[in-house]
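Here's the structure, in structure tokens; my notes come after.
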Amino acid sequence: MSTSLSGQETAAAPPRTAAVSRTVPFSRRRLSRKWRRTLVAYGFLLLPVGFYALFMVLPWVQTVIVSFYNWDGIGPRTAAGWANYARVFSDPQLREAVIHSFELMLYFCVIPIVSALFLTALITGPRRPRWTVTRAILFVPQVLPPVAIAVMWQWMYGGSGFINQVLRWVGLGSDTQAWLASFSWAFPAVGLVGSWVTLGLCLAFFIAGAQRIPIELYEAVAADGGGRLRQFRWVTLPHLRGEVVIAATVTAIAALSAFDIVFVMTGGGPGVASIVPGLLVYQLAFTSDQIGQASALAVVLSALVLAVVTVLRLAGRERS
Amino acid sequence: MTAKLEWLGTRAVMGLAVLSIVIPLLVIATTALEPAGSVNTGLSWPVHPHWGNFAAAWSFAGFSTLMRSSAIVSVVVVPAGVILATCAGYVFGTMDFYGKRLIFGVLMLGLAVPYEAIVVTLYYNLKSVGLTNTYLALILPLVGAFMPFGAFWMRNHFSNTPPALIEAAQMDGASDFTILTKVLLPNSRAALSTLAVLYFMWSWNQFLLVLIMIQDPSKETAPLGLALFVGQFTSNLPLLSAGTLIVIAPVMLVYIIFQRQFIAGLAHGAIKG
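First to last, the sequence lines map onto chains A and B.
Quick note: the first sequence, position 227, residue 227 per my numbering, numbers continuous.
Quick note: the second sequence, position 201, residue 201 per my numbering, numbers continuous.
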């Protein structure tokens with residue numbers, strides 16, 4: 001926003017008629033004006049920030065505090081020091097959950113982003129059809145209730161489900177099984193549902209970004225004899241850096257806080273084969289009454305998300 | 001010739017991607033039309049579609065109550081959330097004031113915090129004031145939880161306003177409230193409706209919060225009802241499928257109506273920030 005000259009000239013006018021200014025040099029009159037604006041701003045922010053503070057910030061801070069106690073939710077709290085945190089990394093079940101959250105990033109971020117980039121490469125270039133209907137269909141999983149998605153995929157992976165049906169069609173009938181009951185397949189099966197959900201979101205970001213690339217750039221590469229591959233490598237990909245970072249950030253957050261789909265599809269099982277931190281926080285808090293331990297895991301999970309988001313932001317900034 | 005082959009190949013790959021998204025939906029739709037007791041969850045043409053499954057699922061799972069609860073929550077959360085996000089977005093997008101960066105920064109942290117790290121202590125807080133098992137236990141936290149994205153979204157929208165427009169209104173002696181409601185909001189229909197659609201979907205689809213806050217069956221929302229229904233009637237797959245489609249229907253309807261502006265607006269709006 002630029003400084004308006006008229007704003008400076010109407011110093012004698014009532015306060016409200018002066019223009020918003022940011023770049024004028026410091027002066028006493030400006031200071032008091034900024035204080036007045038601050039009061040107005042805080043008035044507008046009272047409710048929005050109040051709701052946020054009361055229902056997001058406060059419980060989160062309490063979670064951090066509780067993580068240093070042993071508490072069953074009813075009785076008195078006893079100090080636990082760092083023991084709850086130590087257990088996050090030493091207890092095999094908790095460690096398993098944290099490791100799984102990293103693997104989920106493969107399914108929620110890497111697979112969909114690579115696939116969406118591939119699809120984008122196919123449909124962008126000198127010719128530019130819009131693929132509106134395709135994009136709209138691929139986006140559908142983003143709007144469905146995760147609980148409903150989980151039910152659908154339980155059917156897909158079931159004994160007489162579609163996956164086994166296809167295996168029988170292609171003559172691999174002996175490989176059919178109940179995928180979600182398998183110790184080795186339950187977790188990848190759940191992970192792939194994550195890919196299914198986030199593919200359309202990534203593609204929507206990339207197509208929107210690719211549509212802003214000037215066609216002349218493709219024509220220039222084509223004039224130098226560059227094919228589709230080179231057009232993608234030298235034009236599309238560099239222009240989509242921002243979009244890739246955003247897509248990676250959004251899907252990484254989704255991966256690390258995955259709960260609904262796992263809860264309904266496998267409940268973390270069989271055994272702990274598909275356990276994830278979000279689900280374990282819930283189980284520790286509400287089925288084993290270890291609120292302190294659940295909180296410590298939740299804090300570690302928050303730190304993990306912040307670390308990943310920060311790394312992605314730095315990566316995005318460095319390259320642009 | 002190669003161009004034509006390339007074009008065909010592209011269409012084939014895109015077609016495959018579309019199929020992979022559509023098949024699970026087709027599977028649930030065909031399963032919903034199978035006769036009661038069928039265990040077939042593969043893809044097969046329903047020769048004798050049992051449309052009655054929808055009515056049966058509706059009454060078995062008590063969808064009248066479930067849908068009403070979901071509707072009550074959405075009907076309050078969406079307007080309240082959008083109005084408060086508009087206030088926050090106006091302030092962050094057009095005003096200069098002390099503490100702006102700090103407050104906005106703390107708000108944006110909320111985009112990254114996993115909700116699992118909030119709900120446990122939130123449950124004990126709301127329980128101590130007797131709010132668990134009420135709609136307020138869903139409405140109040142959801143308004144707070146949606147605030148970071150809403151403020152971010154509306155700030156991006158308002159910060160594109162030409163400063164001259166606001167300055168001119170201020171010269172005319174317009175108050176901030178008048179500027180917001182009479183000058184800015186009439187040009188904000190696309191941003192507001194996209195945000196409203198998102199808030200509706202998020203509040204309708206919300207599961208974890210309801211699972212924790214609500215034990216009273218008369219207050220359960222549709223996704224929680226569906227999850228419990230799945231746990232109860234594992235044997236009647238057609239009924240479960242019909243129930244799933246009932247829960248999906250409202251969000252699908254809203255999506256189909258708004259999808260065009262929705263996807264483009266979302267991809268565009270999120271990247272501007």
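Glycine included, every Cβ here is placed at the ideal spot set by N, Cα and C.
Bear in mind the structure is a predicted one, so any value in this text is a computation, not a measurement.
Any chain B beta carbon closer than 8 Å to residue i
i, result
"A:P188", "no"
"A:V140", "yes"
"A:E9", "Residue confidence for A:E9 is low, a pLDDT of 39 falling below 50, so the modelled location carries little weight and cannot support an answer."
"A:L312", "no"
"A:W179", "no"
"A:V66", "yes"
"A:V309", "yes"
"A:M56", "yes"
"A:S257", "yes"
"A:A248", "no"
Any chain A beta carbon closer than 8 Å to residue i
i, result
"B:L165", "no"
"B:T121", "yes"
"B:G37", "no"
"B:M67", "no"
"B:Y124", "yes"
"B:M14", "yes"
"B:G144", "yes"
"B:M147", "yes"
"B:A264", "yes"
"B:P79", "no"
"B:A276", "Beyond the ends of chain B as shown, which are 1 and 273, falls residue 276 of chain B; an answer cannot be given."
"B:T10", "yes"
Element boundaries [alpha helix (DSSP H), containing residue i]
i, result
"A:G191", "A186 to A210"
"B:V39", "Counting along the chain, B:V39 falls outside any alpha helix (DSSP H), and DSSP gives it neither H nor E."
"A:D91", "That residue, A:D91, is in no alpha helix (DSSP H); it is neither H nor E in DSSP."
"B:K182", "Premise fails: B:K182 is in no alpha helix (DSSP H) and is neither H nor E."
"B:L224", "A222 to Q232"
"B:M95", "Segment: none, B:M95 is in no alpha helix (DSSP H) and carries neither H nor E."
"A:T63", "L58 to V66"
"B:H157", "L136 to F158"
"A:A222", "I215 to A223"
"A:I253", "R241 to L256"
"B:S235", "No alpha helix (DSSP H) contains B:S235, which DSSP labels as neither H nor E."
"A:I275", "Run containing A:I275: none; DSSP gives neither H nor E here."
"A:S288", "From DSSP, A:S288 is part of no alpha helix (DSSP H); its letter is neither H nor E."
"B:T31", "T2 to T31"
"A:P145", "Segment: none, A:P145 is in no alpha helix (DSSP H) and carries neither H nor E."
"B:D216", "It is not in any alpha helix (DSSP H) - B:D216 carries neither H nor E in the DSSP assignment."
Residue from the options with nearest C-alpha to residue i
i, options, result
"A:R77", "A:R317, A:A83, A:I291 and A:A315", "A:I291"
"A:L203", "A:W131, A:P238, A:A83 and A:A41", "A:W131"
"B:A242", "B:E34, B:T10, B:A17 and B:W7", "B:E34"
"B:A61", "B:A249, B:G231, B:L253 and B:I263", "B:G231"
"B:V39", "B:Q261, B:M252 and B:P238", "B:P238"
"A:N84", "A:I74, A:S67 and A:V166", "A:S67"
"A:L180", "A:I275, A:S288 and A:S32", "A:I275"
"A:A248", "A:V299, A:V110, A:D289 and A:V300", "A:V110"
"A:Q154", "A:V245, A:A186 and A:R313", "A:A186"
"A:V281", "A:A97, A:F205, A:N164 and A:G200", "A:A97"
"B:G89", "B:H50, B:L192, B:W58 and B:I118", "B:L192"
"A:A189", "A:G269, A:L122, A:M56 and A:A53", "A:G269"
"B:I139", "B:L102, B:I166 and B:Y199", "B:Y199"
"A:R37", "B:S235, B:L165 and B:T94", "B:T94"
For residue j and residue i, believed in contact at Cβ under 8 Å, the rounded distance
i, j, result
"A:G316", "A:G209", "That pair is no contact at about 13 Å."
"B:N205", "A:P146", "6 Å"
"B:I263", "A:F139", "5 Å"
"B:S203", "B:V18", "So it is not a contact: roughly 29 Å between Cβ atoms."
"B:A151", "B:A80", "About 14 Å; that fails the 8 Å criterion."
"B:I214", "B:N133", "6 Å"
"B:S69", "B:K182", "In fact, because the Cβ distance is near 37 Å, the residues do not count as touching under 8 Å."
"A:Q165", "B:G15", "Going by Cβ atoms, the distance from A:Q165 to B:G15 rounds to 20 Å, so no, they are not a contact pair."
Residue i: CB within 7 Å of a non-hydrogen atom of the ligand MN
i, result
"A:T176", "Judged by which ligands are present, the structure shown has none, so any question about the ligand MN falls away."
CB contact below 8 Å: residue i versus chain E
i, result
"B:P114", "No chain E is present in this structure, whose protein chains are A and B."
Residues, ordered as in the chain, of the segment 94-111 of chain B that lie near chain A by beta-carbon distance below 9 Å: Taking 9 Å as the cut-off between beta carbons, the residues of the segment 94-111 of chain B near chain A are T94, M95, D96, F97, Y98, G99, K100, I103, V106, L107, L109, G110 and L111, in sequence order.
Interfacial residues, the segment 17-51 of chain B to chain A, with Cβ spacing under 8 Å: Answer in chain order: A17, V18, S20, I21, V22, I23, P24, L25, V27, I28, T31, V39, N40, T41, G42 and L43.
Proximal residues, the segment 192-203 of chain B versus chain A, C-beta separation under 8 Å: Those residues of the segment 192-203 of chain B that come within reach of chain A (Cβ to Cβ, closer than 8 Å) are M201.
Within 7 Å of chain B by C-beta, residues of the segment 143-175 of chain A in sequence order: When CB distances to chain B are screened at a threshold of 7 Å, the residues of the segment 143-175 of chain A falling below it are V143, L144, P145, P146, V147, A148, V151, M152, W153, W155, M156, G158, S160, G161, F162 and Q165, in chain order.
Chain-ordered residues of the segment 58-90 of chain A with a beta carbon less than 8 Å from chain B: Within the segment 58-90 of chain A, the residues whose Cβ lies closer than 8 Å to any Cβ of chain B are, in chain order, L58, P59, W60, Q62, T63, V66 and G73.
Near-chain A residues of the segment 204-227 of chain B (beta-carbon distance less than 9 Å), N- to C-terminal order: For the segment 204-227 of chain B, which is checked against every Cβ of chain A, the residues closer than 9 Å are W204, N205, Q206, F207, L208, L211, I212, A222, P223, L224, L226 and A227.
Interface residues of the segment 99-115 of chain A facing chain B [CB-CB below 9 Å]: Taking 9 Å as the cut-off between beta carbons, the residues of the segment 99-115 of chain A near chain B are S115, in sequence order.
The segment 279-312 of chain A: positions lying closer than 8 Å to chain B by Cβ: Within the segment 279-312 of chain A, the residues whose Cβ lies closer than 8 Å to some Cβ of chain B are V281, Y282, A285, F286, I291, A294, S295, A298, V299, L301, S302, V305, L306 and V309, listed in chain order.
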